[in-house]
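Below: the structure, in structure tokens.
2 protein chains.
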Amino acid sequence: MSSLIQIGELSERAGVSHRTIHYYERLGLVQPAEREGAGYRYYDDTALKRLEKIAALKRLGLNLDEIAAVLPLYFADATGIKGKEKVVEILKVQLAKAETQLHELTAFKRDLEGNIARMEELIAQAQRG
Amino acid sequence: MSSLIQIGELSERAGVSHRTIHYYERLGLVQPAEREGAGYRYYDDTALKRLEKIAALKRLGLNLDEIAAVLPLYFADATGIKGKEKVVEILKVQLAKAETQLHELTAFKRDLEGNIARMEELIAQAQRG
DNA sequence: CCTAAACCTGACGTTGGGTGTAGATTTAGA
DNA sequence: TCTAAATCTACACCCAACGTCAGGTTTAGG
């Protein structure tokens, strides 16, 4: 069996606090594989993967509600998913957002590069002159 | 002279509340062109452009502090900018972030497309069978 | 068996990014 | 000139996403 870890180790590996993990649990984003006797949480390796995915989606600007909506797709087996049309709808909204963001981000990157070049030119001029 | 507008019109054109404009003013993100007598704010068209730029940068995931740091670049004339090395530093940090985000976003988009295709295939199967 | 380290829950605090509201003032138009 | 609409300031409040603190329980190692 793949070994179970406690919240402390999970927290450390995932780079988030244990309180954050508790919080995510309340939102339904991660669940311990088991909680025996006194209530200690024991996690398997999918928990770590979920936390990493959550972090990645957060970096893309999704909030925790949106993440809750798309996260199952990465972990549920497709055959068991209910309401597939609804899921597709959500995905398409996210896709449209992603495409817009891609364009804006590309433009922003160009801006930044232009500004950097301009600044460096000015600095060089100042140093020469 | 290009006509000045009041906060109500600016608010409407920019698609943000006047309270938000007040808030941004406190953070130094926008300033009225003038405030005569009793304190009414009158804005020129650069204010609208600033608000639009702020919105665009927000969509890219910058927070208001980061926006405050890069916003001057879009409006100040380059010859007047102090501390150019510092500015370049900030820009390079933003550029690195933008590049990372571009990669992640591209991957996310691929994921979404894959998931959508998979879902639609499942739906089609269900309808056939 | 005992104790330190890890964990638990629940309540309250904090930060960022705003929104709501009240009461007073000002302005524009009939 | 008068009034309705717009604006002003200041303080309070909201939500998301956590963090802190307190007090109690559990577990692992010597």
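Chains A and B are the protein sequences, given in the same order.
Taking the working numbering, the leading residue of the first sequence gets 1473, the next gets one more, and so forth.
Taking the working numbering, the leading residue of the second sequence gets 1473, the next gets one more, and so forth.
Idealized CB from N, CA, C, for every residue including glycine.
Can you list, in chain order, the residues of its chain whose CB lies under 6 Å from that of Arg-1590 (chain B), leaving out five sequence neighbours each side?
Counting from 1 along the second sequence, the entry for residue 1590 (chain B) is found at position 118. There are no such residues.
Which residue wins for smallest C-alpha separation from Leu-1529 (chain A), given the options A:Lys-1569, A:Arg-1507, A:Asn-1587, A:Tyr-1514?
Here residue 1529 (chain A) refers to the residue found at position 57 when the first sequence is read from its first residue. Taking only the C-alpha atoms, the option nearest Leu-1529 (chain A) is A:Lys-1569.
Using a Cβ-Cβ distance cut-off of 9 Å, determine whether Ala-1540 (chain A) contacts chain B.
The count along the first sequence starts at 1 and reaches residue 1540 (chain A) at position 68. So no, Ala-1540 (chain A) is outside the interface.
With Val-1542 (chain A) and Ala-1519 (chain A) assumed to form a contact (beta carbons below 8 Å), what rounded beta-carbon distance in angstroms separates them?
Start at 1 with the first residue of the first sequence, and residue 1542 (chain A) comes out as number 70. Start at 1 with the first residue of the first sequence, and residue 1519 (chain A) comes out as number 47. Wrong, their Cβ atoms sit about 18 Å apart, outside the cutoff.
Could you give the first and the last residue of the continuous alpha helix (DSSP H) run that contains Gln-1503 (chain B)?
Residue mapping note: residue 1503 (chain B) aligns to position 31 of the second sequence, counting from 1. Unbroken run through Gln-1503 (chain B): none, as it is neither H nor E.
Pair within 9 Å by beta-carbon distance, Gln-1573 (chain A) and Leu-1536 (chain B)
As a first step, residue 1573 (chain A) must be located in the first sequence, where it is residue number 101. As a first step, residue 1536 (chain B) must be located in the second sequence, where it is residue number 64. Not a contact, by the Cβ cut-off of 9 Å.
Nonlocal neighbours in the same chain, by C-beta distance under 8 Å from Tyr-1514 (chain A), ignoring five residues either side
Here residue 1514 (chain A) corresponds to residue number 42 of the first sequence, with the count starting at 1. Cβ within range, chain order: Leu-1476, Ile-1477, Gln-1478, Pro-1504, Ala-1505, Glu-1506, Arg-1507, Glu-1508.
Which partner residues does Ile-1477 (chain B) have in the DSSP bridge list?
To locate residue 1477 (chain B), count along the second sequence from 1; it is residue 5. Looking at the DSSP assignment, Ile-1477 (chain B) forms a beta bridge with B:Tyr-1515.
Compute the Euclidean distance between the alpha carbons of Gln-1512 (chain B) and His-1494 (chain B), then round it to the nearest angstrom.
Within the second sequence, numbered from 1, the residue matching residue 1512 (chain B) stands at position 40. Within the second sequence, numbered from 1, the residue matching residue 1494 (chain B) stands at position 22. Inspection of the sequence shows that residue 1512 (chain B) is occupied by Tyr rather than by Gln. Approximately 12 Å between the Cα atoms of the pair.
So which residues on chain A does Arg-1531 (chain B) lean against when the C-beta distance must stay under 7 Å?
Start at 1 with the first residue of the second sequence, and residue 1531 (chain B) comes out as number 59. Neighbours of Arg-1531 (chain B) on chain A, chain order: Gln-1573, Glu-1576.
Just reading off the alpha helix (DSSP H) that Asn-1587 (chain B) is part of, what are its end residues?
For this step, residue 1587 (chain B) is matched to residue 115 along the second sequence. Counting along the chain, the alpha helix (DSSP H) containing Asn-1587 (chain B) begins and ends at 1556-1600.
Quick one: does Lys-1521 (chain B) have its CB under 9 Å from some CB of chain A?
Here residue 1521 (chain B) is taken as the residue at index 49 of the second sequence, counted from 1. Not one chain A Cβ lies under 9 Å of Lys-1521 (chain B).
From the DSSP output, in three-state form, read off Ala-1527 (chain A) for me.
For the purposes of this step, residue 1527 (chain A) is taken as residue 55 along the first sequence, with counting starting at 1. Helix, per DSSP.
Close-in-space but distant-in-sequence residues of the same chain around His-1490 (chain A) (CB under 6 Å, 5 per side omitted)
As a first step, residue 1490 (chain A) is located in the first sequence; it is residue number 18 there, counting from the start. Cβ neighbours of His-1490 (chain A) beyond the five flanking positions: Ile-1479, Ser-1483.
Quick check on Gln-1597 (chain A): buried or exposed, where buried means 16 or more other Cβ atoms within 10 Å of its Cβ?
Reading the first sequence from its first residue, position 125 is the one you call residue 1597 (chain A). Result: exposed.
Within chain B, partners of Ala-1528 (chain A) - CB distance below 9 Å:
Numbered from 1 along the first sequence, position 56 holds the residue referred to as residue 1528 (chain A). In chain order: Glu-1576, Ala-1579, Phe-1580.
Keeping to the same chain, check which residues put their C-beta closer than 7 Å to that of Lys-1525 (chain A); ignore five residues upstream and five downstream.
Your numbering for residue 1525 (chain A) matches position 53 in the first sequence. So the qualifying residues of the chain are Leu-1543, Tyr-1546.
On the three-state DSSP scale, how would you describe Ser-1489 (chain B)?
Position 17 of the second sequence holds residue 1489 (chain B). In the structure shown, Ser-1489 (chain B) sits in coil (DSSP, three-state: anything other than H, G, I, E or B).
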